[in-house]
């Protein structure tokens, strides 16, 4: 499976119930950490930087949220 398709599959799984848990975000972050192709192709290339910022300060602020929408 192409890395961007796997990333999209994971995002759909995370968002399908309308609730995003810490564990789901951590799982996506771990996947992107472990898969260079996934973090170098869209949407992983956008999410990887945002997730790094979130994990660094432990919160998702308005700037990080806006960055994740591109």
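Numbering (our numbering), first residue to last: 1 to 70.
Glycine residues also receive a C-beta, built at the ideal position from the N, C-alpha and C atoms.
Consult DSSP for residue i and reduce its assignment to one of helix, strand or coil.
i: residue 27; result: helix
i: residue 1; result: coil
Considering only residues of the same chain and omitting the five flanking positions on each side of residue i, which have a CB-CB separation below 7 Å?
i: residue 6; result: 38
i: residue 42; result: 4
i: residue 20; result: 14
i: residue 33; result: none
- Are the segment 47-58 and the segment 28-39 touching, with three or more C-beta to C-beta distances below 8 Å? yes
- Fully enclosed by the segment 10-54, which alpha helix (DSSP H) runs are 4 residues long or longer? 22-34, 36-40
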